[in-house]
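Residue numbers (this note's numbering): 26 to 376.
Worksheet: one structure, shown below.
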């Protein structure tokens, strides 16, 4: 892996084509441990101070007296070259800094050897915090405040480079979790996402989860609890998949309707319901029309009900018709609710 170099530049304005470097700081770190290996901070003597943005000079504390120890642009680039060689640039809004460094290298006529063209932007690492509403901005100051990072002097290149390194130390492990998620496929990924959703739901109801909340668990018992949670998450995923409407098949709607009290009238009514469901693009599942063809309601009721429940398990939705709920319908409704199958009650006069 290439080393990372966290960089920050302070400039006489925002346009690399017109403005110049005032200060540059770089921290070369190990790509895995993020331990600092080399640190360089330089003030750079501007050659065209008359083109500077006065607000930028004020913000960066520029004065001739303060910049007496500044080096020339050529000397600054020469000192930075060995630190940047073979590395990847990182920082907060690092594309801005890279633009000024590119302009500087073009001006002095040389650049570091084998500098990676990829960039690691800590503002991008903070983007999930913005998209979730946790942050209102991914600027360095609010990100540091949220992550509990102590800031030094703002608009001082070395402090800003150190702050962006601390942001990376906080957020890169989170990105590793996302990378691990990308290695999952199929049901494993769905289970992982289900667990994350439940963690978010719990945080919303109870506040942030804490490891040290006063409760004591044996390690083996805790492992069993976690395994049980994974099985529960897998069951939720299975139920979610059942509720989905894949494009490869029609949505199966189970018709929950009385039968035994008036078989002929009920068969007629269920037939009309099935016609309407079919016309609306659904696949009706109506045991009232199917089972009586080979089973006797009076002598095989328990077996018939068991088959009804099997048909219900294979359905995506239950629709309950009529105003009266028979004992058999009650069993079917309870089964649907237990299986997580949506139950919809339909008015008696509605098909």
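No residue lacks a Cβ here, since even glycine has one placed at the ideal position from N, Cα and C.
Simplified DSSP assignment, three categories, for residue i
i: residue 36; result: strand
i: residue 327; result: helix
i: residue 160; result: coil
i: residue 27; result: coil
i: residue 63; result: strand
i: residue 344; result: strand
i: residue 209; result: coil
i: residue 277; result: strand
i: residue 227; result: helix
i: residue 309; result: strand
i: residue 369; result: strand
i: residue 12; result: Lying before the first or after the last residue shown, residue 12 is absent from the chain, which here runs from 26 to 376.
i: residue 115; result: strand
i: residue 185; result: helix
Contact check, residue i vs residue j, beta carbons under 7 Å
i: residue 262; j: residue 342; result: no
i: residue 124; j: residue 71; result: no
i: residue 336; j: residue 310; result: yes
i: residue 140; j: residue 50; result: no
i: residue 56; j: residue 102; result: no
i: residue 109; j: residue 153; result: no
Distance between beta carbons of residue j and residue i, contact taken as under 8 Å
i: residue 30; j: residue 46; result: Actually they are not in contact, since the Cβ atoms of residue 30 and residue 46 sit about 16 Å apart, beyond 8 Å.
i: residue 188; j: residue 176; result: 6 Å
i: residue 357; j: residue 299; result: Not quite, the Cβ-Cβ distance comes to about 17 Å (not below 8 Å), so this is no contact.
i: residue 77; j: residue 111; result: Not a contact, Cβ separation roughly 33 Å.
i: residue 351; j: residue 306; result: At roughly 29 Å, the Cβ-Cβ gap does not stay under 8 Å, so residue 351 and residue 306 are not in contact.
i: residue 81; j: residue 36; result: 6 Å
i: residue 258; j: residue 220; result: 5 Å
Span of the alpha helix (DSSP H), counted from its first residue to its last, around residue i
i: residue 166; result: 165 to 172
i: residue 354; result: 352 to 364
i: residue 139; result: No alpha helix (DSSP H) holds residue 139; DSSP gives it neither H nor E.
i: residue 99; result: 98 to 109
Residue range of the beta strand (DSSP E) that includes residue i
i: residue 48; result: 46 to 54
Would you call the segment 137 to 145 and the segment 83 to 101 in contact, with 3 or more CB pairs under 8 Å? no
Between the segment 313 to 326 and the segment 220 to 227, do at least 3 Cβ pairs fall closer than 8 Å? no
Across the segment 207 to 218 and the segment 116 to 136, are there enough close Cβ pairs to call them in contact, namely three or more that are closer than 8 Å? no
Below 8 Å, how does it come out for the segment 251 to 259 and the segment 285 to 300: are there three or more Cβ pairs, yes or no? no
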